[in-house]
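For the sequence shown, position 97 matches number 100 in UniProt numbering, and the numbering has no gaps at all.
Ideal Cβ placement from N, Cα and C applies to all residues, glycine included.
To keep things clear, I will list the structure first and then write my remarks on it.
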Amino acid sequence: DIVYLNGQFLPLAEAKVSPLDRGFLFADGVYEVIPVYSRQTFRLDEHLRRLQASLDGIRLANPLSTAQWQARVREMIGHSPFDDAQIYLQVTRGADDKRDHAFPTGVAPTVFMFASPLVTPDENLRRLGVGAVTAVDNRWLRCDLKTLALLANVLLRQQAVDHGCAETILVRDGFVTEGSASNLFLVKNGVLVTPPKSHLMLPGVTYDVVLDLAVRHGVPTEVREILADELLDADELWMTSSTKEVLAITRLDGRLVGHGEGAGKPGPLGEQMWRWYQQFKNDVM
Ligand code: PDD
Numbered sequence: 004d005i006v007y008l009n010g011q012f013l014p015l016a017e018a019k020v021s022p023l024d025r026g027f028l029f030a031d032g033v034y035e036v037i038p039v040y041s042r043q044t045f046r047l048d049e050h051l052r053r054l055q056a057s058l059d060g061i062r063l064a065n066p067l068s069t070a071q072w073q074a075r076v077r078e079m080i081g082h083s084p085f086d087d088a089q090i091y092l093q094v095t096r097g098a099d100d101k102r103d104h105a106f107p108t109g110v111a112p113t114v115f116m117f118a119s120p121l122v123t124p125d126e127n128l129r130r131l132g133v134g135a136v137t138a139v140d141n142r143w144l145r146c147d148l149k150t151l152a153l154l155a156n157v158l159l160r161q162q163a164v165d166h167g168c169a170e171t172i173l174v175r176d177g178f179v180t181e182g183s184a185s186n187l188f189l190v191k192n193g194v195l196v197t198p199p200k201s202h203l204m205l206p207g208v209t210y211d212v213v214l215d216l217a218v219r220h221g222v223p224t225e226v227r228e229i230l231a232d233e234l235l236d237a238d239e240l241w242m243t244s245s246t247k248e249v250l251a252i253t254r255l256d257g258r259l260v261g262h263g264e265g266a267g268k269p270g271p272l273g274e275q276m277w278r279w280y281q282q283f284k285n286d287v288m
């Protein structure tokens with residue numbers, strides 16, 4: 004198990020971070036999860052751009068140039084035994100010699116990266132879809148930043164697991180924001196609908212790809228606020244992320260999503276979008 008830490012590739016067992024690291028003490032850092040298929044990254048530049056936006060948002064200078072990130076990610080893939088992998092990378096504000104909320108001076112950031120297997124939903128899961136629950140979005144107001152402070156997301160996701168479900172759909176002031184670790188799309192009368200990017204949701208790399216594919220293939224799309232009440236009335240619900248790709252949500256709060264024959268089953272547009280997504284991956288990689 005080779006990982007990257009502060010300029011070096013080394014065995015996991017030899018990778019040491021100070022307990023005074025601000026990532027550990029304050030969750031003072033940001034991260035990315037980058038999918039790798041057949042040893043090639045998918046949308047790396049988009050992930051690195053979002054990393055820069057997250058770093059800007061927490062006022063932490065990027066310790067590496069884009070070219071350096073690209074080289075290190077490539078080297079990480081070389082060290083990994085997995086053909087399909089997810090690269091996790093994080094940058095924290097480093098380890099000070101005391102605990103003080105305010106930014107330290109003269110402290111180097113901590114840069115960490117590791118690879119794990121990428122297991123996208125298999126055919127069986129895609130045929131069934133997954134269950135979801137709804138919950139009040141009690142996160143902070145900068146959900147556009149991919150920060151390490153995931154305690155709210157962790158607790159929200161666990162609510163889904165406690166109900167035998169895969170994801171929690173978050174509702175703020177009556178409007179759907181996203182999932183605990185995914186973005187949300189719904190289909191109603193042939194129109195694909197998703198919330199607009201704002202400080203209340205993470206601007207998903209997959210979200211961008213899916214919207215782009217919809218437009219390119221002539222699917223009517225509406226980027227607008229979604230009322231929580233629209234969820235159970237939808238024909239299809241999907242979650243999207245770098246690791247789940249496009250996955251149908253077929254049960255919500257114990258009820259079946261969709262109508263008539265299609266109730267509780269993944270819908271046709273979602274299946275089509277999954278195929279377009281696979282095709283797009285093959286075309287660009
Ligand atoms: N999560 N919204 C949230 C809150 C997320 O954590 C994620 C991704 C997404 C989807 O973003 P993308 O399409 O760029 O993967 C939306 C990653 C996979 C994670 O934390 O594991």
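(1) Comparing C-alpha positions only, which one of 121, 215, 48 sits nearest to residue 71?
(2) With a threshold of 7 Å, establish whether the CB of residue 30 neighbours any heavy atom of the ligand PDD.
(3) Less than 8 Å between the CB atoms is what I'm expecting for residue 272 and residue 195, so what's the real figure, rounded?
(4) Whole angstroms are fine: how far does the CA of residue 44 sit from the CA of residue 121?
(5) Residue range of the beta strand (DSSP E) that residue 120 falls in?
(6) Using only the heavy atoms of the ligand PDD, determine whether one of them is closer than 7 Å to the beta carbon of residue 210.
(7) Once you ignore the five residues that flank residue 243 on each side, which residues in its own chain have a CB closer than 7 Å to its CB?
(8) Under DSSP, the alpha helix (DSSP H) around residue 290 begins and ends at which residues?
(9) From the DSSP output, in three-state form, read off residue 132 for me.
(10) Suppose you measure from the CA of residue 270 to the CA of residue 166; what does that come to, to the nearest Å?
(11) May I ask you to report which of helix, strand or coil DSSP gives residue 229?
(12) So, under 8 Å CB-CB, residue 232 and residue 261 are touching, yes? Tell me the CB distance rounded to an integer number of Å.
(13) For the ligand PDD, is there any heavy atom lying closer than 7 Å to the beta carbon of residue 246?
(14) Any contact between the stretch 109 to 129 and the stretch 175 to 182? By contact I mean 3 or more CB pairs, one from each, below 8 Å.
(15) I'd like to confirm the pairing. Which residues does DSSP put opposite residue 148 in its beta bridges?
(16) Could you give the DSSP three-state label for residue 67: helix, strand or coil?
(17) Between which residues of its own chain and residue 150 is the CB-CB distance below 6 Å, once the five residues before and five after are set aside?
(18) Could you please give the first and the last residue of the uninterrupted beta strand (DSSP E) stretch that includes residue 170?
(19) Got a sec: does the ligand PDD put a non-hydrogen atom nearer than 7 Å to the Cβ of residue 184?
(20) When you compare the CB positions of residue 293 and residue 251, do they come within less than 8 Å of one another, or not?
(21) Could you give the residue range of the beta strand (DSSP E) that holds residue 241?
(22) Flag residue 156 as yes when its Cβ comes closer than 7 Å to any non-hydrogen atom of the ligand PDD, and as no otherwise.
(23) Output the distance between the C-alpha atoms of residue 55 and residue 147, rounded to the nearest integer angstrom.
(24) Going by the C-beta, is residue 181 closer than 7 Å to any heavy atom of the ligand PDD?
(25) Can you check the stretch 21 to 50 for any alpha helix (DSSP H) of at least 4 residues that lies completely inside it and give the ranges in chain order?
(26) Give the DSSP-derived three-state secondary structure of residue 98 in the structure shown.
(27) For the ligand PDD, is there a heavy atom less than 7 Å away from the beta-carbon of residue 15?
Once the coordinates are examined:
(1) 48
(2) no
(3) 7 Å
(4) C-alpha separation (whole angstroms): 12 Å.
(5) 113 to 120
(6) yes
(7) 185, 186, 188, 207, 209, 210, 213, 249
(8) Given a span of 4 to 288 for the chain in the structure shown, any question on residue 290 remains unanswerable.
(9) coil
(10) 23 Å
(11) coil
(12) Incorrect: roughly 16 Å between the Cβ atoms, too far for contact.
(13) yes
(14) no
(15) Residue pairing by DSSP leaves residue 148 without any beta bridge partner.
(16) coil
(17) Cβ neighbours of residue 150 beyond the five flanking positions: 33.
(18) 170 to 175
(19) yes
(20) Outside the displayed span of the chain (4 to 288) sits residue 293, for which this structure offers no information.
(21) 239 to 244
(22) yes
(23) 12 Å
(24) yes
(25) 25 to 29
(26) DSSP places residue 98 in the strand class (E or B) of the three-state scheme.
(27) No, the Cβ of residue 15 stays beyond 7 Å of every heavy atom of the ligand PDD.
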